[in-house]
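First comes the structure, then the notes that go with it.
See below:
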């Protein structure tokens with residue numbers, strides 16, 4: 004018979020994470036993927052530029068390539084005089100060499116002739132036949148890109164453990180890199196627990212039933228991080244069936260996330276399941292986090308099993324603050340902790356328990372010409388707070404709250420999007 008138990012000693016979010024990190028190992032298996040398929044994956048070997056980029060001196064404006072020192076002192080009243088010795092077309096190899104007082108016509112992006120170290124804009128010259136009058140001097144390097152100004156041969160483009168972003172794909176393409184060595188996808192198993200949880204296609208809902216929000220919301224977050232998600236379905240509050248389901252996921256995946264079953268109560272079996280499945284077993288039960296105090300985690304063999312609260316807002320806050328760094332760590336990523344994207348004043352005063360690190364859902368609004376963090380108030384079981392919230396405002400451990408107008412650190416649900 005399973006009996007009710009009190010929480011273990013509460014750990015801070017930081018200590019809870021560290022207690023797991025020291026028991027876990029990062030992925031080591033790698034694969035070679037095409038350039039576009041590398042998006043969102045973790046680089047498994049440092050990538051360097053194999054050549055200088057752009058590889059030739061290039062104009063950034065329409066104008067005339069010259070030696071900068073020949074234009075010194077040029078002005079509207081006393082223009083510099085140059086002889087145009089030719090022109091260069093886009094994509095053409097330039098074989099010209101300029102000497103003192105000479106110029107070559109170049110369009111934007113064209114290769115500069117040998118001897119040129121700057122380009123004077125077409126707006127600042129007047130040409131009559133081969134005679135060019137320059138009305139504004141230029142400095143060395145002005146209006147041009149040096150052969151190695153963008154990237155130098157051997158320069159690190161993406162270090163080991165970095166996550167490939169969309170803009171990184173462009174830089175890799177510029178270097179002629181067509182494949183990328185990445186760590187294999189982390190496989191994460193999801194299981195929802197509770198007699199009240201039903202599949203999302205259930206229609207109509209019977210009184211007391213709740214659609215399985217957490218599996219789908221967590222799966223979306225994990226997919227966004229490049230994980231392979233295994234949906235384990237919904238388990239009723241039955242200990243033996245839950246043991247079997249969790250064991251199957253432990254054997255098939257790298258991480259197991261359970262939602263529901265982490266609070267104190269005779270029908271909450273997660274802690275007993277972890278203890279039965281193998282050592283080292285339960286690592287912590289309870290964190291100084293609001294929402295999310297009843298979160299628990301253990302390790303079975305080498306697989307972390309984390310029990311999240313059943314309420315959607317609580318589950319996703321715990322995911323973002325505690326679980327996501329663990330996922331990133333296992334994936335081999337260097338930057339594992341979510342970035343605080345900015346600090347904004349909060350629109351209203353909020354009280355907070357001093358012994359908890361609290362994350363408040365907020366939306367970002369513009370008011371009187373400034374941006375503010377506006378709390379989205381609501382209970383942790385309300386999915387509407389997730390829909391309206393754009394970020395999480397952190398009220399630090401030890402603080403008794405924040406006053407209206409006080410700056411708060413914001414953590415975006417999705418670091419790539421504030422809408």
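In our numbering, the protein residues as written are 4 to 422.
The C-beta atom is built at its ideal place from N, Cα and C for all residues, glycine as well.
Note that the coordinates shown come from a computational prediction; the quantities given were computed from them, not determined experimentally.
Check	Outcome
Segment contact flag, the region 121-137 with the region 81-101, C-beta cutoff 8 Å, min 3 pairs	yes
Residue of 214, 192, 199, 392 minimising C-alpha distance to residue 248	192
Three or more C-beta pairs below 8 Å linking the region 332-346 and the region 232-245	no
Cβ-Cβ distance between residue 104 and residue 153 below 9 Å	no
For residue 51, the nearest candidate out of 158, 59, 26, 148 (CA to CA)	158
9 Å Cβ cutoff met for residue 347 and residue 413	yes
Distance, residue 63 Cα to residue 146 Cα	5 Å
Cα-Cα separation between residue 340 and residue 126, rounded to whole angstroms	50 Å
Per-residue burial, residue 376 [other beta carbons within 10 Å of its own, 16 or more giving buried]	buried
Proximity winner among 181, 38, 408, 116, relative to residue 150 (alpha-carbon distances)	116
Ranges of the beta strand (DSSP E) found wholly within the region 162-237, counting only runs of at least 3	182-186, 190-196
Candidates 140, 114, 131, of which the one nearest residue 124 by Cα	140
Per DSSP, cross-strand counterpart(s) of residue 410	348
Beta-bridge pairing of residue 56 - partner residues as DSSP gives them	154
Residue 290 versus residue 144 - alpha carbon distance	57 Å
Beta-carbon separation (whole angstroms), residue 166 vs residue 53, contact threshold 8 Å	Actually they do not touch by this definition, with Cβ atoms about 22 Å apart.
Best match in 227, 221, 276 for proximity to residue 244 [C-alpha to C-alpha]	276
8 Å CB neighbourhood of residue 250 in its chain, flanking five on each side removed	280
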